[in-house]
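Going down the list, the protein sequences come from chains W and F. Numbering-wise, the first sequence is residues 40 to 292 according to the numbering used here. Numbering-wise, the second sequence is residues 20 to 555 according to the numbering used here. In what follows, a structure is listed as structure tokens, so that the remarks can point back to it.
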Amino acid sequence: MRKNNKTRSSHEALVAGIVPSSFVDGPGNRLVVFLQGCNLRCIYCQNPETWDPTGKKNPLCIKVSLEELLRVVNKYIDFISGITFSGGEPLLQWRFIREFSRKFKSLHPDKTIIVDSNIDVESSILIEVSKYVDYFTPDIKAPNPELYRKVTGGLGNFTRMISNLKLLDSMGKIYEVRLPIIPTITDSEEVFNEWINILKEHVNSNVRLRIIKFRPHGVANSFLKNKTVNEEVVKNLINMLKINGFTNIVYLG
Amino acid sequence: MKTRRVISYEKEPTAIQHAKLTGSVAEKALSIIRSRSLTYQQKLRALAKVAEDSIPYPELSDHTLKLMKEGILHDLDEGHAPYRPRYILPDYMKLIENGSKFLEIEPPKNMYDAIGALISMYANVPSITSYPVYLGDIDKLLQPFVKTVSSSELVNLLIMFWRIIDRMLPDAFVHANLSPNDNIITRKLLDIELKVKQVVPNLTLKFDLEHTPRDLVIKAIVNALHLSKPYLVNDILVRKDWPQGYGVASCYNILPYAGGSFTLIRVNLYRIATKYNGDIDLILNEGIPEVVKAAAELVEARTSFIVEESGFFETSFLVNEEFIYEDNFTAMFGIYALAEALEYIAKANNLKGEYGYDEEVNKIAINIIEKLYNEVEKYHIKYLKASNGKMVLHSQAGISTDKETPGIRVKYGKEPHPYDYVELLSIMHKYIKAGTSEIFTFNQTARHNPEAVYDIVVGAFKKGMKFFSITSTFSEFIRVTGYLIKKEDLEKFKEGKVARHDTAYLGAEAVINQRALSRRPLGLDELFKLGLRVTQ
Chain W
40 MRKNNKTRSS HEALVAGIVP SSFVDGPGNR LVVFLQGCNL RCIYCQNPET
90 WDPTGKKNPL CIKVSLEELL RVVNKYIDFI SGITFSGGEP LLQWRFIREF
140 SRKFKSLHPD KTIIVDSNID VESSILIEVS KYVDYFTPDI KAPNPELYRK
190 VTGGLGNFTR MISNLKLLDS MGKIYEVRLP IIPTITDSEE VFNEWINILK
240 EHVNSNVRLR IIKFRPHGVA NSFLKNKTVN EEVVKNLINM LKINGFTNIV
290 YLG
Chain F
20 MKTRRVISYE KEPTAIQHAK LTGSVAEKAL SIIRSRSLTY QQKLRALAKV
70 AEDSIPYPEL SDHTLKLMKE GILHDLDEGH APYRPRYILP DYMKLIENGS
120 KFLEIEPPKN MYDAIGALIS MYANVPSITS YPVYLGDIDK LLQPFVKTVS
170 SSELVNLLIM FWRIIDRMLP DAFVHANLSP NDNIITRKLL DIELKVKQVV
220 PNLTLKFDLE HTPRDLVIKA IVNALHLSKP YLVNDILVRK DWPQGYGVAS
270 CYNILPYAGG SFTLIRVNLY RIATKYNGDI DLILNEGIPE VVKAAAELVE
320 ARTSFIVEES GFFETSFLVN EEFIYEDNFT AMFGIYALAE ALEYIAKANN
370 LKGEYGYDEE VNKIAINIIE KLYNEVEKYH IKYLKASNGK MVLHSQAGIS
420 TDKETPGIRV KYGKEPHPYD YVELLSIMHK YIKAGTSEIF TFNQTARHNP
470 EAVYDIVVGA FKKGMKFFSI TSTFSEFIRV TGYLIKKEDL EKFKEGKVAR
520 HDTAYLGAEA VINQRALSRR PLGLDELFKL GLRVTQ
């Protein structure tokens with residue numbers, strides 16, 4: 040990990056944004072908290088302003104105490120199934136997530152907490168927050184170490200990510216696995232076949248899979264500018280997944 | 020060969036509008052008879068209306084006539100000499116238990132008998148449109164006979180029942196209800212709805228937050244996303260409004276069971292605002308009191324005519340066999356164009372904010388509704404026994420010729436975030452007992468996550484909203500004012516072809532609001548309001 044990737048306190052978080060209603064960040068209507076700071080530098084990232092763990096370059100970044108966040112959540116509590124922590128990489132602030140979730144679950148045992156993590160973190164962190172977090176929504180950014188390094192800006196640890204995937208699956212903590220189709224990088228049949236093999240090896244076949252088609256909007260990397268993914272390519276991946284026994288597929292277009 | 024002129028649907032006089040044509044009775048009648056876009060049944064009803072309207076209007080004071088002439092007060096073209104209540108909600112359970120002497124129906128013994136009895140009765144329940152506007156809690160009516168047929172027979176019979184309702188009663192104001200209780204009839208009907216894709220009957224599910232199972236409501240929500248129905252009613256709150264029981268009839272009218280509404284008049288709030296140049300004090304203290312006074316007179320005149328002159332309550336088998344009681348009738352005070360009224364008021368008072376968004380403008384809206392409620396409560400009208408002699412407020416969904424926004428809705432496409440809309444509406448719904456119909460439009464993301472819509476409905480009902488109407492950007496039906504039409508029927512009518520459904524003629528408005536549920540982060544001002552601030 041980078042030096043300045045220090046984990047913050049358990050009672051205060053650096054928040055890059057709050058979305059009070061989302062239909063695409065887990066089951067039901069959810070309030071999403073975007074935490075500032077990321078350990079990867081994905082070339083297709085649409086929120087590069089959330090990378091810097093100090094948040095100094097993000098004018099919308101705010102410090103929020105655990106009590107303040109609970110108060111905000113309370114305003115919307117009747118409308119939501121739960122809360123999703125996204126980012127950035129939310130688990131860089133895992134102590135806060137653990138403490139918040141512990142408190143939140145004691146107040147609202149019927150609501151869920153989801154962490155939208157790249158799961159490229161120490162497995163001990165996943166085990167620790169799993170005590171209070173209901174589900175994770177990891178993505179498999181690429182199906183082999185070489186490509187994974189390329190996609191994550193040279194910072195990703197493929198072996199760690201993939202063993203965490205298996206760990207979460209064995210704990211029953213996966214809500215959905217996301218497969219991002221990125222033009223010229225993860226849009227070939229070859230990659231699709233590798234993805235399928237990884238999935239077969241590491242997760243249950245009834246896992247909910249969400250296909251995410253790359254959108255050029257807001258992308259930092261100039262390499263991907265004006266590049267798009269053909270709808271036929273998506274259809275092909277969905278077909279290939281189905282043939283291989285993965286039928287729980289969501290694609291929002 | 021001579022080509023028939025294709026008449027645009029906006030210009031073709033509808034069955035109702037025919038009666039507004041000028042000229043002698045004979046000229047009006049001939050124009051209806053010659054119409055190339057009305058069916059035989061539609062012509063028949065339009066002709067009856069022409070005959071009724073050849074009778075002088077009930078006598079009214081100059082004050083009331085003036086407000087009607089100014090376009091502030093409307094009688095919704097109900098006819099000059101009403102000879103049946105506008106909306107009738109019979110106690111169909113009595114038919115199931117006792118049968119009907121007048122219709123020579125024995126108490127049903129099995130599912131065949133029950134469906135046959137209901138269909139026979141529906142054909143004999145009048146209303147303003149002559150079609151029955153209320154079909155009862157279908158599941159409650161049929162549940163006792165589920166065991167008399169096999170499960171495949173049950174489905175076939177329900178499909179037949181639904182098809183007959185649509186083919187015999189082709190009017191989208193025909194409204195069926197489903198009780199809050201989980202049962203096989205409700206579940207099968209929801210499946211059938213998706214299969215047969217009919218706009219008729221309109222449909223409501225009564226949702227009891229404490230008892231209706233979550234998965235049943237989500238099933239109904241999936242239907243609503245695809246068909247814009249059923250519509251959800253907050254059963255716990257509405258039961259308190261109508262302790263004698265209630266049903267949902269026609270377009271979002273919530274009315275007493277075994278009774279109904281004699282009449283519906285409505286008030287154009289925009290016209291009141293312009294009449295008083297947007298002066299808030301004058302609107303509240305003169306405009307509203309004077310129109311409520313006039314409305315009370317109009318309602319009294321019309322209801323007295325029905326009860327005292329028409330003989331309906333002396334002769335109808337519905338009354339004689341106690342399917343309805345005169346004491347269970349009320350009358351509705353409809354309001355519309357609140358959005359335009361506020362736009363005008365805001366401009367006149369140099370307010371920058373918009374209705375739905377700005378607290379100050381929203382407060383004016385709430386004051387208007389509160390004032391209307393308080394004024395309406397001042398008048399005691401003899402025959403409105405179901406509501407202690409009071410008219411009941413109704414957020415009126417509009418008619419085809421309206422340019423204004425229905426009821427208390429925020430303008431199409433300008434609806435605020437659902438949370439904010441719910442907050443505003445839940446305050447106003449307190450005053451509106453006889454139904455309202457703000458539409459919440461969801462986009463593709465709801466298709467894969469109907470549970471999210473469920474969460475929003477639950478939140479809305481917990482906050483105090485009484486009614487929730489769902490549609491989506493991918494729905495196969497278009498919601499027109501208060502009812503549904505198929506997209507394809509509208510196209511047919513535009514091409515000048517005869518459409519089977521009466522309501523296909525009444526124009527259309529596509530309500531597409533992508534913005535309503537965008538995944539939008541809170542802005543700095545919103546964070547500040549929540550007690551958070553940028554600390555960088």
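By construction, the Cβ of each residue, glycine as well, lies at the ideal position given by its N, Cα and C atoms.
Are residue i and residue j closer than 7 Å when you measure CB to CB?
i, j, result
"residue 375 of chain F", "residue 318 of chain F", "no"
"residue 285 of chain W", "residue 244 of chain W", "yes"
"residue 488 of chain F", "residue 250 of chain F", "yes"
"residue 175 of chain W", "residue 212 of chain W", "yes"
"residue 272 of chain F", "residue 454 of chain F", "yes"
"residue 5 of chain F", "residue 164 of chain F", "Nothing can be reported for residue 5 of chain F: it is not among the residues displayed for chain F, which extend from 20 to 555."
"residue 110 of chain F", "residue 277 of chain F", "yes"
"residue 267 of chain F", "residue 194 of chain F", "yes"
"residue 403 of chain F", "residue 358 of chain F", "no"
"residue 254 of chain F", "residue 204 of chain F", "no"
"residue 276 of chain W", "residue 231 of chain W", "yes"
"residue 160 of chain W", "residue 130 of chain W", "yes"
"residue 106 of chain F", "residue 274 of chain F", "yes"
"residue 408 of chain F", "residue 348 of chain F", "no"
"residue 248 of chain F", "residue 222 of chain F", "yes"
"residue 215 of chain F", "residue 261 of chain F", "no"
"residue 388 of chain F", "residue 447 of chain F", "yes"
"residue 243 of chain F", "residue 289 of chain F", "no"
"residue 472 of chain F", "residue 479 of chain F", "no"
"residue 158 of chain W", "residue 200 of chain W", "yes"
Is any beta-carbon of chain F found at less than 7 Å from that of residue i?
i, result
"residue 68 of chain W", "yes"
"residue 117 of chain W", "yes"
"residue 289 of chain W", "yes"
"residue 145 of chain W", "no"
"residue 231 of chain W", "no"
"residue 340 of chain W", "This structure cannot speak to residue 340 of chain W, because chain W is shown only from 40 to 292."
"residue 62 of chain W", "yes"
"residue 322 of chain W", "Any property of residue 322 of chain W remains undetermined from this structure, which presents chain W solely from 40 to 292."
"residue 120 of chain W", "yes"
Any C-beta of chain W sitting closer than 7 Å to the C-beta of residue i?
i, result
"residue 481 of chain F", "yes"
"residue 253 of chain F", "no"
"residue 475 of chain F", "yes"
"residue 478 of chain F", "yes"
"residue 494 of chain F", "no"
Please check the pair residue i and residue j, which I expect to be a contact at CB under 8 Å, by giving their CB distance rounded to whole angstroms.
i, j, result
"residue 99 of chain W", "residue 56 of chain W", "6 Å"
"residue 491 of chain F", "residue 460 of chain F", "6 Å"
"residue 177 of chain F", "residue 208 of chain F", "6 Å"
"residue 246 of chain W", "residue 216 of chain W", "6 Å"
"residue 253 of chain W", "residue 221 of chain W", "5 Å"
"residue 248 of chain W", "residue 218 of chain W", "6 Å"
"residue 190 of chain F", "residue 153 of chain F", "With 8 Å as the limit, residue 190 of chain F and residue 153 of chain F do not qualify as a contact, their Cβ atoms being about 12 Å apart."
Does any CB atom of chain B fall closer than 7 Å to the CB of residue i?
i, result
"residue 88 of chain F", "Note that chain B does not occur in the displayed structure, where the protein chains are W and F."
Interfacial residues, the segment 453 to 470 of chain F to chain W, with Cβ spacing under 9 Å: 461, 462, 463, 464, 465, 466, 467, 468, 470
Assess, as a yes-or-no matter, whether the segment 205 to 214 of chain W is touched by the segment 136 to 149 of chain W under the definition of 3 or more beta carbon pairs within less than 8 Å. no
Decide if the segment 233 to 242 of chain F is in contact with the segment 365 to 372 of chain F; the criterion is three or more beta carbon pairs, one per stretch, under 8 Å apart. no
When the Cβ atoms of the segment 300 to 311 of chain F are set against those of the segment 319 to 326 of chain F, are three or more pairs found closer than 8 Å? no
If we count Cβ pairs, one from each stretch, closer than 8 Å, do we get three or more for the segment 285 to 296 of chain F versus the segment 86 to 104 of chain F? yes
Are there three or more Cβ pairs, one per stretch, closer than 8 Å when the segment 221 to 238 of chain W is compared with the segment 90 to 98 of chain W? no
What are the residues in the segment 430 to 449 of chain F lying within 9 Å of chain W by C-beta distance? 436, 437, 438, 441
Decide if the segment 102 to 122 of chain W is in contact with the segment 63 to 74 of chain W; the criterion is three or more beta carbon pairs, one per stretch, under 8 Å apart. yes
Between the segment 303 to 316 of chain F and the segment 165 to 172 of chain F, can you find at least three pairs of beta-carbon atoms closer than 8 Å? no
Quick one: which residues of the segment 88 to 111 of chain W get their C-beta closer than 9 Å to a C-beta of chain F? List them in chain order. 94, 95, 97, 98, 99, 100, 101, 102, 103, 107, 108, 110, 111
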